[in-house]
Every structure is written in structure tokens, then in C-alpha cells.
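Take 181 as the starting number for the sequence shown in the working numbering and just add one per residue. Each residue gets a CB set at the ideal place from its N, CA and C atoms; glycine is no exception. Presented below is the structure to which this report refers.
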Amino acid sequence: MSKRPCIIAANWKMYKTLHESKDFMRAVLPKLSGVQAEVLIAAPFTSIAAVAAMAEESSVQIGAQNMNDASEGAFTGEVAAKMVKDAGATFVILGHSERRKLFGESSELVNLKLKRSFEEGLRPIVCIGETKEDRMSGKIEEVLGDQLSKSLSGLNPDQAKQVVLAYEPVWAIGTGDVATPKQAQETQKFCREWVQKTFGEEVASRMPILYGGSVKGSNAKELLEMEDIDGALVGGASLKPDSFLEIVQAVPVNVSA
Ligand code: PGA
Numbered sequence: 181m182s183k184r185p186c187i188i189a190a191n192w193k194m195y196k197t198l199h200e201s202k203d204f205m206r207a208v209l210p211k212l213s214g215v216q217a218e219v220l221i222a223a224p225f226t227s228i229a230a231v232a233a234m235a236e237e238s239s240v241q242i243g244a245q246n247m248n249d250a251s252e253g254a255f256t257g258e259v260a261a262k263m264v265k266d267a268g269a270t271f272v273i274l275g276h277s278e279r280r281k282l283f284g285e286s287s288e289l290v291n292l293k294l295k296r297s298f299e300e301g302l303r304p305i306v307c308i309g310e311t312k313e314d315r316m317s318g319k320i321e322e323v324l325g326d327q328l329s330k331s332l333s334g335l336n337p338d339q340a341k342q343v344v345l346a347y348e349p350v351w352a353i354g355t356g357d358v359a360t361p362k363q364a365q366e367t368q369k370f371c372r373e374w375v376q377k378t379f380g381e382e383v384a385s386r387m388p389i390l391y392g393g394s395v396k397g398s399n400a401k402e403l404l405e406m407e408d409i410d411g412a413l414v415g416g417a418s419l420k421p422d423s424f425l426e427i428v429q430a431v432p433v434n435v436s437a
């Protein structure tokens with residue numbers, strides 16, 4: 181059983197207009213008192229300010245799904261860390277596999293964004309994960325080791341302590357093909373051991389490592405019961421109030437936020 185606080189993070193991706201985002205908050209916020217988890221919602225940029233204002237009196241944290249690595253500048257269409265912070269975000273998802281695959285983001289760029297997130301005081305959720313081919317060819321540790329060493333390069337232990345890691349096998353994202361608790365546990369244990377070798381025991385024992393990929397109400401509990409699974413990053417099932425609440429309510433009672 182995990183000794184760390186449990187985090188349930190919603191990743192709304194490119195879903196929800198402002199109106200829909202507010203409707204979700206109205207439905208979910210009153211039902212979150214007394215939950216066993218820290219609840220995070222990564223909203224589209226256009227909804228951050230409004231949902232952050234709605235969440236102000238609650239313990240729910242609002243965040244962004246991406247940001248640019250520069251402080252500011254002539255980067256048409258991009259959004260800076262300080263802008264999302266100012267809008268009310270407290271965290272940011274970095275290096276999601278959709279960013280890596282569809283927008284060509286490298287681990288080196290994730291590392292630049294990570295350093296910027298520290299400068300602006302945003303808590304980073306750094307995503308890593310292998311493809312089906314990597315898994316089939318026995319390359320999980322090689323691929324994840326490479327993503328970890330490049331994405332988390334140059335951090336001091338104090339910075340490393342602020343990182344939330346999200347293990348999201350690419351083959352499990354949006355497919356319904358969830359990793360078994362054993363598969364996720366084995367891989368997340370490898371990640372924690374990597375963190376321990378790189379940043380030391382204190383960082384490794386405190387770092388939350390989330391699992392993401394087809395998490396839903398019916399499979400959340402058995403995943404969250406595993407030693408090295410400290411929470412979930414949830415896409416599809418975070419879009420409807422009921423399916424999201426089902427996951428939040430599945431958090432085992434002896435795992436506390
Ligand atoms: P999913 O997405 O829950 O829809 O598989 C997870 C994610 O992309 O973070």
C-alpha cells in the first residue's frame with residue numbers, strides 16, 4: 181500500500197468549452213468533501229481562470245495541460261507558464277504522450293519546460309511511457325530510463341522533490357486496454373528505483389508516481405492499492421462528473437491525501 185498521498189488528476193485534453201467546464205465544476209465540487217484524494221483538474225487554457233475561481237473555496241487544484249518553455253516572447257499561439265499561473269493554475273502536465281507523438285516534443289524540450297515550471301512556481305506532472313512495440317521487444321526499461329534521464333536532467337534534489345511523475349503506457353491511453361495492476365506496479369517500481377539511484381532515497385520515497393491509461397471507476401481501486409501507484413491521471417473517464425467521481429471514490433481509505 182502506498183505511503184504517499186493519493187492524487188487523482190483529470191486531463192480534459194481538447195474537450196470542454198467554458199460553459200461545459202463550469203457545468204462539470206458545478207456538478208462535482210459539492211461531492212468532493214471528505215474524499216481521500218488530492219483532486220487535480222488539467223483544464224483547457226480557455227477554462228482555467230473560470231474553473232480556478234470556482235474551485236477557490238475547495239481543495240481542488242486547477243492546472244494546464246502544456247506550456248511553452250520560454251518566459252515570454254514572439255511565439256504566436258503559445259502560452260507561457262506565468263500566464264497559466266496568473267489565470268489560477270497551480271500545476272502543469274508536461275510531456276504527455278500526445279504532445280510527444282503528435283507535436284514532436286522531445287524529452288529535452290520537456291526538461292526545458294520543467295525548469296521553467298519551477299521558475300514560475302507551477303508543480304509539474306511529468307509524463308513518461310513506452311509504446312506497445314517497446315514493451316513487446318523488452319525495451320521498457322531502456323525507453324523509460326532514457327525519458328527519465330533526459331526529462332529530469334540537471335534537477336537538484338529540492339526540485340526533484342516537487343515533481344509528480346505519471347507513468348502512462350502509450351498503448352493504454354484512450355484504448356480501454358488498461359495495464360494490469362502487476363504490470364503498472366512493476367514498471368512504477370522501476371521508475372522509483374531510477375529516482376532513488378539518481379536523486380536519493382528521500383526524493384524517491386516522497387515522489388508521487390501516478391498511473392495513467394484507461395483508468396475508470398471499475399479498475400481504479402485495484403491499481404491504487406499497489407505499493408508504487410500513488411494516484412491516477414485520467415483522460416476519458418474524467419470528462420463526465422459521474423465517471424470521474426467514481427474514480428475519486430474508489431481511492432482506498434487507508435491512502436490519504
Ligand atoms: P485515458 O487518457 O484515461 O483516456 O486513457 C489518459 C491520459 O491521456 O492522460
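Whole-Å CB distance - residue i paired with residue j, under 8 angstroms assumed
i           : j           : result
residue 426 : residue 397 : 3 angstroms
residue 305 : residue 413 : 7 angstroms
residue 230 : residue 269 : Actually they do not touch by this definition, with Cβ atoms about 12 angstroms apart.
residue 228 : residue 272 : With a Cβ gap of about 10 angstroms, residue 228 and residue 272 do not count as contacting.
residue 332 : residue 340 : 7 angstroms
Per-residue burial, residue i [other beta carbons within 10 Å of its own, 16 or more giving buried]
i           : result
residue 287 : buried
residue 282 : exposed
residue 246 : buried
residue 201 : buried
residue 255 : exposed
residue 291 : buried
residue 296 : buried
residue 436 : Per-residue confidence for residue 436 stands at a pLDDT of 47, beneath the threshold of 50, marking its modelled position as unreliable; no derived number is given.
residue 239 : exposed
residue 377 : exposed
residue 433 : exposed
residue 280 : buried
Coil, strand or helix - residue i by DSSP
i           : result
residue 334 : coil
residue 271 : strand
residue 244 : strand
residue 184 : coil
residue 348 : coil
residue 413 : strand
residue 302 : coil
residue 390 : strand
residue 223 : coil
residue 252 : coil
residue 189 : strand
residue 310 : coil
residue 218 : strand
residue 408 : coil
residue 276 : coil
**Study point:** Segment contact, 8 angstroms Cβ cut-off, at least three pairs: the region 401-415 with the region 343-360
**Key:** Cβ pair count under 8 angstroms is three or more, so yes.
Point to revise | Cβ contact check for the region 182-197 and the region 213-228: 3 or more pairs under 8 angstroms | key: With a cut-off of 8 angstroms, the region 213-228 and the region 182-197 count as touching, because enough Cβ pairs lie within range.
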